Amino acid sequence: MKLQDYDSSSKHRATIVQNDRLSAEHARREVHEIVLELDGSMHALPGQNVGVLLPDESKGDDEVHFRLYTIADLPERREGMQRIHIQVRRHQYFDALTGETYRGIASNFLCDSKAGDEILITGPYGQAFEIPPEPHANMILIGAGTGIAPFRAFLKHVYRRYPEFTGQVYLFYGGETGLDLLYGNDQEKDISLYYDRDTFEAIEALSNSNDPDSFRWSDAMRSRAKELAVLLSDPETFVYLAGLESIRDELEATLCEVAGSNQRWYHWKEELVEDERWFELLY
3 MKLQDYDSSS KHRATIVQND RLSAEHARRE VHEIVLELDG SMHALPGQNV
53 GVLLPDESKG DDEVHFRLYT IADLPERREG MQRIHIQVRR HQYFDALTGE
103 TYRGIASNFL CDSKAGDEIL ITGPYGQAFE IPPEPHANMI LIGAGTGIAP
153 FRAFLKHVYR RYPEFTGQVY LFYGGETGLD LLYGNDQEKD ISLYYDRDTF
203 EAIEALSNSN DPDSFRWSDA MRSRAKELAV LLSDPETFVY LAGLESIRDE
253 LEATLCEVAG SNQRWYHWKE ELVEDERWFE LLY
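Numbering-wise (this note's numbering), the sequence shown opens with residue 3 and increments by one.
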């Protein structure tokens, strides 16, 4: 589903109440977590998305810039108002034809925002990930860069709903360097909440040096290849993928290697899709 396909006619006021930088000071990617307080007419759930609406001055006064962000934590209530967290990476775009660099409208506005600023938002949209129906189901979570955001909320939601969740959980998450591993660096260590569970393991996949958006999934998954092969062939395993669309091809090649053959992996994936155990949130 493309951005232009979303219905953005329902608009709501939101107030920025907190803006914290998540990425380490010397990380190459600047990522912030923004806390929004919603007006009383909007209610969001874990795993849903909200759209941010801002004026697009480059296209005229009446044009609106629309960007979608996944809720990155469990929504909370303060004095009857709902608050949500979104994760924003500051974007800059280089135009090879003109040689100019352009700042992303929504990301730079949000990263530079201050408490008390008001914005228009729309949504919420969809339920990105569904919780497995049984607390003993297995989950493989794969998130690249800011793709870790929905998994933060998802994991908290799962373990709150099923305090004794016994299924095996492998979380693969990527960053350019160790400084870019969101929710796993010195600024924020949310992922460590589950390190003491025998059934939970987080595995890092750092980027290739020549392509910061390409992650070494093969290295990360090869270290757990035997366990992954067992889980992927298990009818009670669910797979969740979030991040840039570009990671899909890399992962396909890696999972073929994990399975031992292309034919076996595509058979497993067909079963995952048919049984509604495969979820994607790619952008």
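Even glycine gets a Cβ: it sits at the ideal position worked out from N, Cα and C.
Nothing here was measured: the structure is a model prediction, and the numbers come from that model.
Legend entry - Leu55 to Val160 span [Cα, whole Å]: Residue mapping note: residue 55 aligns to position 53 of the sequence shown, counting from 1. Residue mapping note: residue 160 aligns to position 158 of the sequence shown, counting from 1. Taking the straight line from one Cα to the other gives about 30 Å.
Legend entry - Start and end residues, alpha helix (DSSP H) containing Leu122: The residue you call residue 122 lines up with position 120 of the sequence shown. Leu122 -> not in any alpha helix (DSSP H); beta strand (DSSP E) instead, spanning Glu120 to Tyr127.
Inset, instruction - Give the secondary structure of Thr17 by DSSP, where H, G and I count as helix, E and B as strand, and everything else as coil. - result: Here residue 17 refers to the residue found at position 15 when the sequence shown is read from its first residue. Correct three-state label for Thr17: strand.
Inset, instruction - Would you check if the stretch 106-119 and the stretch 137-156 touch, i.e. whether three or more CB-CB distances between them fall below 8 Å? - result: no
Inset, instruction - Tell me Pro57's beta-bridge partners as DSSP assigns them. - result: Along the sequence shown, one-based indexing puts residue 57 at 55. Val66, per the DSSP bridge assignment.
Legend entry - Gly42 classed as buried or exposed, judged by whether at least 16 other C-beta atoms fall within 10 angstroms: Indexing the sequence shown from 1 puts residue 42 at position 40. Classification for Gly42: exposed.
Inset, instruction - To the nearest angstrom, report how far apart Asp22 and Tyr127 are at their CA atoms. - result: Along the sequence shown, read from residue 1 onward, the residue named residue 22 stands at position 20. Along the sequence shown, read from residue 1 onward, the residue named residue 127 stands at position 125. Going from the Cα of Asp22 to the Cα of Tyr127 covers about 24 Å.
Legend entry - Ser10 versus Val52 - alpha carbon distance: In the sequence shown, the residue the question calls residue 10 occupies position 8. In the sequence shown, the residue the question calls residue 52 occupies position 50. About 10 Å.
Inset, instruction - Starting from the C-beta of Phe156, find all residues in its chain whose C-beta is less than 7 Å away, skip the five residues before and the five after it, and write them out in chain order. - result: Taking the first residue of the sequence shown as position 1, residue 156 is located at position 154. For Phe156, where only same-chain residues beyond five positions count, the Cβ hits under 7 Å are Pro48, Gly49 and Phe131.
Legend entry - Nearest-angstrom Cα separation, counted from Pro152 out to Arg277: Reading the sequence shown from its first residue, position 275 is the one you call residue 277. Reading the sequence shown from its first residue, position 150 is the one you call residue 152. The sequence as given places Asp at residue 277; Arg does not occur at that position. Straight-line Cα distance between these residues: approximately 22 Å.
Legend entry - Stretch-stretch touch, CB-based, cutoff 8 Å, three pairs: the stretch 222-229 with the stretch 163-175: yes
Legend entry - Cα-Cα separation between Ile36 and Gly262, rounded to whole angstroms: Position 34 of the sequence shown, counting from 1, holds the residue named residue 36. Position 260 of the sequence shown, counting from 1, holds the residue named residue 262. Spanning the two alpha carbons is a distance of roughly 42 Å.
Inset, instruction - Check whether the Cβ atoms of Met83 and Glu39 lie closer than 8 Å to each other. - result: Within the sequence shown, residue 83 is the residue found at index 81, counting from 1. Within the sequence shown, residue 39 is the residue found at index 37, counting from 1. Their beta carbons are under 8 Å apart, which means Met83 touches Glu39 by this criterion.
Inset, instruction - Look at the Cβ atom of Glu259, then the Cβ atom of Ser235, and state whether they are nearer than 8 Å. - result: Position 257 of the sequence shown, counting from 1, holds the residue named residue 259. Position 233 of the sequence shown, counting from 1, holds the residue named residue 235. Going by C-beta atoms, Glu259 is not nearer than 8 Å to Ser235.
Legend entry - CA nearest to the CA of Glu247, picked from Pro165, Gly145, Arg279 and Val232: Looking up residue 247 in the sequence shown gives position 245. Residue Gly145 is the option with its Cα nearest to Glu247.
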